[in-house]
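If you read the protein sequences in the order shown, they are chains A and B.
Take the first sequence: its position 71, counted from the start at 1, is 74 in my numbering, and no numbers get skipped.
Take the second sequence: its position 84, counted from the start at 1, is 269 in my numbering, and no numbers get skipped.
We treat Cβ as the ideally placed atom computed from N, Cα and C, and that holds for glycine.
Source: prediction; values computed, not measured.
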Amino acid sequence: MIERIDAIIIGAGHNGLVCGTYLARAGLTVLFLEARESVGGMTSASTINDDYHFPGLAHTAYPVCPKIRKDLRLDKFGYSAGKAIDTIALHEDGMHLRLRTRRVSGPGLGDRDVSAYVQFKNEYLDYAKALRPLFESRPPRLKNMDFADKSTLAKLGWNIRVGLGRESMYEFLRVAAMNMYDVLEEVFDDERLQGALAADAVLGHHMGPRSPGTVLTWLTRLYGELNGPLSVVCGGRSQLGHALLQAAEASGASFRLGAKVKKILVEKGKAFGVETEDGELVKARMIISNADPRTTFLDLLGAPQLDAMFAQRVSQIRGAGDVAKLHLALSGRPEFSALSESDVQNRLLIAPTMNYVEHAFNDAKYNDCSTDPILEITVPSLHNDALAPAGHHIMSVNIMYAPYDIAGGWDEQRATFAYKIIAQIGRFAPNLKSLVVDFELLTPQDIESQYHVRQGHWHHGEMTIHQSFMMRPVHGAAQYDSPVDGLFLCGAGTHPGGGLTGLPGRNAAKRILSMGVAT
Amino acid sequence: MQHTPFHARLAALSQTEEWTSWNGYMAPRVLDKLSTEYFAVRSSCSVMDLTPMEKYRITGTDALRFLDRLVTRDLSKLKPGRITYVVWCNDDGKLIDDGTLFQFGEGDYRLCSQHHQLDWLVTSSMGFDVTIKTETHDVAALAVQGPTSYSVLSEAGIAGLDEMRPFGIADLYCGDFSVVVSRSGYTGDLGYELWVSPDNALPLWDAIFAVGSRYAVHAIGLSALEMVRIEAGFIMPGFDFNTAESTVRAGYDRSPYEVGLGWVVNLDKGHFTGRKALLAEHTRPARRRLTKIIVKGNKPVAEAFIFDGKHGKLIGEIKCSIWSPILKANLALADIECINGNMPKHIWARVDYQRELKWMSTWAECRMIDKPFYVPAHRSATPPERF
């Protein structure tokens, strides 16, 4: 038993690391309990066939929130944003489009769409910027507001009215609750461009382009882009998880790996410790859970410790994962038609049209894998040759949609699904099939069991409007505290949600420190 | 509307045809004369069909834990064969309903409530190994209440009532069929509730009424019950206060403290739904309280407003009231706002009444009462007096 622990952080994923490091830097004794043998959660590496190392479940990332980068001095601990990459939207006839923050190019793309893209991105990046105070603060309570709540709303109001200006504000308010399909239909003519942007708006969500609220999910993605361009996660010291671990250790936090928390212990309405799977009791003044809200409240705490309606709300959180991950170990470099070797270093996207994306989602609505799924492909070994044996490569593919529960069960379809994806990529990279040495398919069920996230959802819960802001994860726990005194949340299931921003962790730490419970 | 298993007998007795819906069952307001039915409860013996009351059977290894998390009262002291009065709240500590909880054995309970509660019970059951079954339609129930009820039931052939204490339960026989008897009721008088299989409903009824003429047994309806329950100081959720799950406007629902039921709240027993809200409320000055009052004078008070002093500030309203024939007084339950956390000292009601269709208004002083208005000694005597 360690002397006196101020805060136990359940789960050393990136948000937990951010939160715990802030607290440790504020003088608290922080102990991380991590179920896995490595820290970083979905940013931590995995290996197949001994020699092929996959840097993380998240294979592309925007730079972490600059405030966190600065506050936790992440650059000092080796963090760098990584090499900027473009998105290449693949098309079978070689008519690929190349998208970057403010430029799009490709054969057959009309001038009107090229300039509309620049205008569109500028406009929507401005909207994301306007939302910044909301993303970077705890969500304001609308009832019994305190100063911080009022200040967040005032900043948000100022940004929308004055920051955006009258015309943009009207447009923002018009589109904010729309679906991406309708917006893209208004703005662009080129189906390829529409398809690529629609895929970005729904990636990681159980939504299709026509689903309500997809402009909002697109804006949360653009929040990441405000911090800089996308890069491939390719391991090494510069990786976020690695730098966060260094920062946490330097701040005095301690770690226990392979320590899976089984129960959060409560007495008279106050959390006072945890019990691990090994039966060990660890006491602390506060328990901060980076586990998803359903796991935290229903499994670790248990519904009987909560009020009935609150428990009911938590149990109804929508968050069935809908993305599978395919890891391929390759004996050589995959060659894509009409792409150079350096082109393949980019993010390759198969989402040819909006209707293709919507059709892919239709299958998932009825508990089937997409017949023609959206694929997001990276080849991290082109950025870091230590990831595979000399001359060999790894390929990482996000597959949408692959529902958590599929009709007939995953066991039956796992292998055929993987082969189907390999064949699908093979239409763009003819040599791929002959290069495959080994593969690993992570269905949402695998992600659930390997990363300890309920239903294997990237974002610990859908980022629909009814599960966002002051309703994330649910009313009654939206300000990082919970109905149980001394129990806090800091994971992606809280505002502002998933992605590698680190913001839930930072907002939670600030909230905890502001509550005066720290000393 | 559905018929209860006793309907044939009730229909035969009904002179007024004043029926109403009680949880979807056809229930009499008055069968013959209200005064006869009222005095049957207070002076002889009344029989009322209780079947429409919502009844839930709660079983399983976690039944006690489930119930303890559901209700505000500490159930650890409840023993098999005993009944307790319970209330339950939503997350905000506002009352959803009240009821009586019967413990038949370890992990075997019946919860009786005024309103339909299955959805709330099921919602509350997450994380518990418990089975909840509605048995409203499967158990026929009669309330036999009044000073001679013990004699009536004994004469009717139910042996074993002598030593039964208030809030006790026993498995007994009426002739050749079994009947569960509990010493409980909603009248504040000596009385029993009988629970039988619907097949035995009419034989039970007939056995009681076979001795009826000797003891002036009368079947009664809901109007007489309304009178005696006010005399007994029992509150009726949904009538005396809005139940939380049916309240639309903020602040129109009520906590146990606000309706004078603080005595059934145990904040130290472990977690239950609403505990955190009630704990916070408990530390704040009281805002309002449902209070028993006697309104002076003999004008019918109906739903009068309540004031802090004659011509004073409006501070509340009467939720239910009766003229009590046995106490010769206007009894009422009034929802009264506190002043600085305390009940006002001098409260007055403005009573509006009609005289030959002309509206009149007068002021009547009110006296607050802590105890039930009417508590006869024979109510709790064990064994009860024989007639």
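V324/B sits buried, since 16 or more C-beta atoms from the chains shown fall within 10 Å of its C-beta.
DSSP lists C297/B as the bridge partner or partners of K240/B. Taking a C-beta cut-off of 7 Å against chain A, none of the residues of the region 422-445 of chain B qualify. When the Cα atoms are used, P392/A and F57/A turn out to be separated by approximately 13 Å. Taking 8 Å as the Cβ-Cβ cut-off, the region 265-276 of chain B approaches chain A at N275, D276, given in chain order. In the structure shown, R460/B adopts helical secondary structure according to DSSP, grouped into three states.
Listed in chain order, the beta strand (DSSP E) elements of length 3 or more contained wholly in the region 76-145 of chain A are 90-92, 100-103, 106-108. Against chain B, the beta carbon of S318/A has neighbours under 8 Å at M311, listed in chain order. The region 405-488 of chain A contains, as complete beta strand (DSSP E) runs of 3+ residues, the segments 439-445 (chain order). In the DSSP annotation of this structure, the continuous segment of the alpha helix (DSSP H) that includes P507/A starts and ends at 506-517.
By the neighbour-count definition (other C-beta atoms within 10 Å, threshold 16), I524/B is an exposed residue.
The beta carbon of P66/A sits closer than 6 Å to those of A84, N230, G231, all from its chain and outside the five residues before and after it, given in chain order. Excluding its 5 nearest sequence neighbours in each direction, T221/B has C-beta neighbours in its own chain below 8 Å: H403, listed in chain order. Annotation for C237/A: no alpha helix (DSSP H) segment contains it, and DSSP assigns it neither H nor E.
Residues of chain A with a Cβ closer than 9 Å to the Cβ of R250/B are, in chain order, P307.
Contact between the region 69-84 of chain A and the region 225-245 of chain A is present, with at least three C-beta pairs closer than 8 Å. L249/B and A311/A have their alpha carbons spaced roughly 16 Å apart.
Residues of the region 336-352 of chain A whose Cβ lies closer than 8 Å to any Cβ of chain B: none.
G312/B and P476/A do not touch by the CB rule: their CB atoms are close to 18 Å apart, not below 8 Å. For K461/B, the chain A residues whose Cβ falls inside 8 Å of its Cβ are G272, D310, P486, in order along the chain. Annotation: the continuous beta strand (DSSP E) that includes P213/B extends over 210-215.
Residues of chain B whose Cβ lies closer than 9 Å to the Cβ of F150/A do not exist; the shortest such Cβ separation is about 21 Å. Chain A places a beta carbon closer than 7 Å to that of T458/B, counting this residue as a contact.
Taking 3 residues as the shortest admissible run, the region 276-336 of chain A contains the following complete beta strand (DSSP E) segments, listed from N- to C-terminal end: 284-286, 289-292, 326-333.
Exposed is the label assigned to W448/B, since fewer than 16 other Cβ atoms lie within 10 Å of its Cβ. Judged by DSSP secondary structure, W390/B falls within the alpha helix (DSSP H) whose first and last residues are 386-395. With a cut-off of 8 Å on Cβ pairs, the region 497-517 of chain B is not in contact with the region 450-467 of chain B, counting fewer than three such pairs. For the 7 Å CB-CB criterion, I500/B and I491/B form a contact. For I415/B, the enclosing alpha helix (DSSP H) starts and ends at 407-416.
In the assembly as shown, M466/A is a buried residue. Its beta-carbon has 16 or more other beta-carbons within 10 Å. Judged by DSSP secondary structure, R72/A falls within the alpha helix (DSSP H) whose first and last residues are 69-74. Our two residues, S199/B and M528/B, have alpha carbons roughly 44 Å apart in a direct line. Taking 7 Å as the CB threshold, T308/B lines the interface with chain A. The C-alpha of T24/A is placed about 16 Å away from the C-alpha of G44/A. Going by C-alpha positions, I428/A is about 21 Å away from V205/A. Contact annotation: the region 378-397 of chain B does not touch the region 201-210 of chain B, with fewer than three C-beta pairs closer than 8 Å.
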